[in-house]
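Residue numbers (our numbering): 137 to 439. Glycine included, every Cβ here is placed at the ideal spot set by N, Cα and C. Being a predicted model, the structure only gives us computed values, none of them experimental.
As structure tokens, then:
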């Protein structure tokens, strides 16, 4: 089963922080392909491509049930998992893997068996999977990064984004400290929103509020987005699809499309491509039957 693979991969992690992934030489390992108890919704929403990131399976704040709803209602022949799908950092501290998290994995495996191309681009929290770049697991393809070609021929660079985070790359202890503080803010957020719910108020995100108000956080996000857009242009791409910073976004940075998938801890967002090459930023509300479109970019005429 997938948790066994994760556990085995975590045991084989390089000991030194920031150590480069080893070259995978073994054949693809089989994964469990147990059927699901619940089928897809016949009145589903179909896209050309779906991008998901920062699910953080293995953590208590992962909204696995909501993601499973989206995967049952939304379908695409190509699905990109843009990093931090599994939270290896937290699983190493203590194993947490409820049935809902396993159901998400089984749903993705089922989509791969039914013919969808599922591409997993690992992030820093599931960096153990980078050892297996170029291999397939249960029909899921693992790549370090990818280039997606839209219906109009535009090239989108698909990458998690932690390569452009100086803290993650050069001060990993500080990244782990920041992760611990983020987990603490989520726990505090659960308490605050429980109280807000009892008073009749809607959900409010403490971490997103802090990101928007703290000057250094705003500067970090802006620099992150600019660096990714510049690197996409340097690689000859018209855009970039990423994750990592848990801030959903779909806009142009000068002439480059910048799409951030957001996360499935708080924002419950994804990026989708329509058949005409348009891109949409989607948000899923639990117990709904359709995603809400937060932003859309129509394809531009190409020279």
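Residue i and residue j: beta carbons closer than 8 Å?
i: residue 254; j: residue 277; result: yes
i: residue 368; j: residue 293; result: yes
i: residue 219; j: residue 252; result: no
i: residue 184; j: residue 409; result: yes
i: residue 275; j: residue 266; result: no
Could you have a look at residue i and say whether DSSP puts it in helix, strand or coil?
i: residue 254; result: strand
i: residue 310; result: Any answer about residue 310 is weak, because its pLDDT of 47 lies below 50 and its placement is not dependable; what the coordinates show is given next. DSSP places residue 310 in helix when its eight states are reduced to three.
i: residue 400; result: coil
i: residue 276; result: strand
i: residue 244; result: helix
i: residue 369; result: helix
i: residue 392; result: strand
i: residue 387; result: strand
i: residue 169; result: Low per-residue confidence applies at residue 169: pLDDT is 38, beneath 50, and the placement is therefore not dependable, though the value from the model is reported in the following sentence. It is coil, neither helix nor strand.
i: residue 267; result: helix
i: residue 363; result: helix
According to DSSP, which residues form a beta bridge with residue i?
i: residue 260; result: Residue 260 is not bridged to any residue.
i: residue 429; result: 418
Of the choices the options, whose alpha-carbon is the least far from that of residue i?
i: residue 264; options: 227, 275, 232, 239; result: 227
i: residue 389; options: 285, 364, 416, 382; result: 364
i: residue 282; options: 250, 260, 297; result: 297
i: residue 269; options: 257, 370, 408; result: 257
i: residue 393; options: 378, 403, 405; result: 378
i: residue 194; options: 209, 229, 180, 217; result: 229
i: residue 204; options: 196, 191, 216, 214; result: 191
i: residue 261; options: 360, 224, 358; result: 224
I need the boundaries of the beta strand (DSSP E) containing residue i, first residue and last residue.
i: residue 115; result: Residue 115 falls outside the range modelled here, since the chain spans only 137 to 439, and no answer is possible.
i: residue 217; result: 214 to 217
i: residue 291; result: 291 to 294
i: residue 377; result: 375 to 378
i: residue 195; result: Careful: residue 195 lies outside any beta strand (DSSP E) and carries neither H nor E.
i: residue 188; result: 185 to 188
Which residue marks the beginning of the alpha helix (DSSP H) containing residue i, and which one marks its end?
i: residue 224; result: 224 to 229
i: residue 208; result: 200 to 209
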